[in-house]
Amino acid sequence: MTTTTTTTVEPHSHRAVPTAYDIFNGDADGLCALHQLRTIEPCEAVLVTGTKRDIALFDQLPEGLPLQVTALDISWDRNAHNAAKVLNAGGSVTYFDHHAAQTLTHHPRLKSHIDTAANVCTSILVDRHLNGAMHQWTIVAAYGDNLDAVADQMARAHGCTAGTRGALMQLGYLLNYNAYGESAEDLHFHPAQLYRSLHRFESPLDFIAKAYEYHRLQEGHADDQRALHDVQPYASNQHACVYLLPDRPWARRLCGLLANKLVTSQGGRSVAVLTPRSDGDFLVSLRIGKNAACRADLFCSRYPEGGGRHTAGGIDRLPPGDLDQFINEFFNYLQEHTS
Ligand SMILES: [Mn+2]
282 MTTTTTTTVE PHSHRAVPTA YDIFNGDADG LCALHQLRTI EPCEAVLVTG TKRDIALFDQ
342 LPEGLPLQVT ALDISWDRNA HNAAKVLNAG GSVTYFDHHA AQTLTHHPRL KSHIDTAANV
402 CTSILVDRHL NGAMHQWTIV AAYGDNLDAV ADQMARAHGC TAGTRGALMQ LGYLLNYNAY
462 GESAEDLHFH PAQLYRSLHR FESPLDFIAK AYEYHRLQEG HADDQRALHD VQPYASNQHA
522 CVYLLPDRPW ARRLCGLLAN KLVTSQGGRS VAVLTPRSDG DFLVSLRIGK NAACRADLFC
582 SRYPEGGGRH TAGGIDRLPP GDLDQFINEF FNYLQEHTS
């Protein structure tokens, strides 16, 4: 039996075309930032979000309309071109972010709250804007964005008990974990769904105690950790280990976090984690261990879709035929830069 769904548009509908858009990174920081902002400054907006790697979200906006866009936790530089289109069409843009913004310009309808200091995340910028009205969610976001020392300090200043601090940390970690995957299909929850769930809770402790989504994330994370137990290095020497993960959603969720975890447990050795993409190529997450005096971004940028930061880099696409050569080059690079 076939079921057909039809949408009927009322000819004299007074419903306006939506013009307000909230666009945000689907990680802990993006979720917590929008939740705080929309609890204190409510707005019926269309949500645009995705995985942690989906940064160029302005691409998804309709063109040529005077939209009212609020953007959170996505780099200005990656969206500058399409943000300018919104402004040129008569729209307005409010921007909260802590990533690269070297191309930031002034415009009468652009309100930017951008600070690229290492000790802030987007939720901290929203927290400043709202005078700390929902501070516990900022603490969750800081833990989720790997700003543990900043989060600890905020939790102490806020008078959190050790138990509360631990719970907020775990929530930040799990919200962040949910955002990792090649596409939204790999995630336990689409970040828009996770946002709608947590937006019902003024206190993160109530979300932890009552939300189905929180318990599902705890279970999903535990299942993924069990799957990881069977993973062995594909190749290794005294300088580095290379891991090849199976073609499974859990592997695409964990690859970035796994690389972070492995590099701290390998006695200073460097690590590359290769995860099969849905198109057959590999995604590479690479971390330089403390024994080596070299840079992950410099090594990764030898490859067409590679880049990153000093200690953490990645290659978006490595053809399987290049696997052996990649391993040789990685091992040689570390050999040259380890005393
Ligand atoms: Mn962030």
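Quick note: the sequence shown, position 60, residue 341 per the numbering used here, numbers continuous.
Backbone N, C-alpha and C fix where the C-beta goes; we use that ideal spot for every residue, glycine too.
Buried or exposed, going by whether 16 or more other CB atoms sit within 10 Å of the CB of residue i?
| i | result |
| --- | --- |
| S404 | buried |
| N459 | buried |
| V523 | buried |
| R507 | exposed |
| V407 | buried |
| Q606 | exposed |
| T556 | buried |
| A577 | buried |
| C324 | exposed |
| E463 | buried |
| D511 | exposed |
| G311 | buried |
| A443 | exposed |
| T545 | exposed |
| S620 | exposed |
| V431 | buried |
| S551 | buried |
| A621 | With the chain running from 282 to 620 in the structure shown, residue 621 is simply not present. |
| Q317 | buried |
| P485 | buried |
| N457 | buried |
| Y424 | buried |
| N609 | exposed |
| I321 | exposed |
| G307 | buried |
| V298 | exposed |
| Y493 | exposed |
| H520 | buried |
Considering residue i, what are the terminal residues of the alpha helix (DSSP H) in which it resides?
| i | result |
| --- | --- |
| Y584 | First-last for Y584: undefined, no H or E at that position. |
| S478 | P472 to L479 |
| L328 | Run containing L328: none in the alpha helix (DSSP H); it sits in the beta strand (DSSP E), V327 to V329. |
| Y614 | L604 to E617 |
| A370 | No alpha helix (DSSP H) contains A370, which DSSP labels as neither H nor E. |
Can you tell me whether residue i is helix, strand or coil according to DSSP?
| i | result |
| --- | --- |
| G561 | coil |
| P485 | helix |
| L526 | coil |
| R568 | strand |
| D461 | Residue identity differs from the one stated: residue 461 is Tyr in this sequence, not Asp. Three-state DSSP puts Y461 in coil, outside helix and strand. |
| E291 | Confidence is the limiting factor: at E291 the pLDDT is only 44, short of 50, which leaves the residue's position unreliable, though a coordinate-based value still follows. Reduced to three states, the DSSP call for E291 is coil. |
| D504 | helix |
| D578 | helix |
| V298 | coil |
| S551 | strand |
| L509 | helix |
| A521 | strand |
| D303 | strand |
| T556 | strand |
| T351 | strand |
| D358 | helix |
| D335 | coil |
| S620 | coil |
Grab the span of the beta strand (DSSP E) containing residue i for me, first residue to last.
| i | result |
| --- | --- |
| T320 | Taken as a continuous stretch (DSSP letters only), T320 belongs to no beta strand (DSSP E), being part of the alpha helix (DSSP H) at A309 to I321. |
| L346 | First-last for L346: undefined, no H or E at that position. |
| I596 | A593 to L599 |
| D467 | Taken as a continuous stretch (DSSP letters only), D467 belongs to no beta strand (DSSP E), as it is neither H nor E. |
| P514 | P514 to S517 |
(request) Examine the Cβ distances between the region 596-604 and the region 552-571 and report whether three or more of them are shorter than 8 Å. (result) Cβ pair count under 8 Å is three or more, so yes.
(message) Extract the residue ranges of the alpha helix (DSSP H) inside the region 386-445, only unbroken runs of 4 or more that lie entirely within it.
(response) DSSP runs (the alpha helix (DSSP H)) wholly in the region 386-445: 403-410, 416-425 and 429-438.
(message) Any contact between the region 340-349 and the region 468-485? By contact I mean 3 or more CB pairs, one from each, below 8 Å.
(response) no
(request) Report yes or no: do the region 385-393 and the region 410-426 share at least 3 C-beta pairs separated by less than 8 Å? (result) no
(request) Evaluate the contact criterion for the region 376-390 versus the region 350-363: three or more CB pairs, one atom per stretch, below 8 Å. (result) A contact exists between the region 376-390 and the region 350-363.
(message) Between the region 481-501 and the region 325-332, can you find at least three pairs of beta-carbon atoms closer than 8 Å?
(response) no
(message) With a threshold of 8 Å, are at least 3 pairs of Cβ atoms found where one atom belongs to the region 416-435 and the other to the region 312-323?
(response) yes
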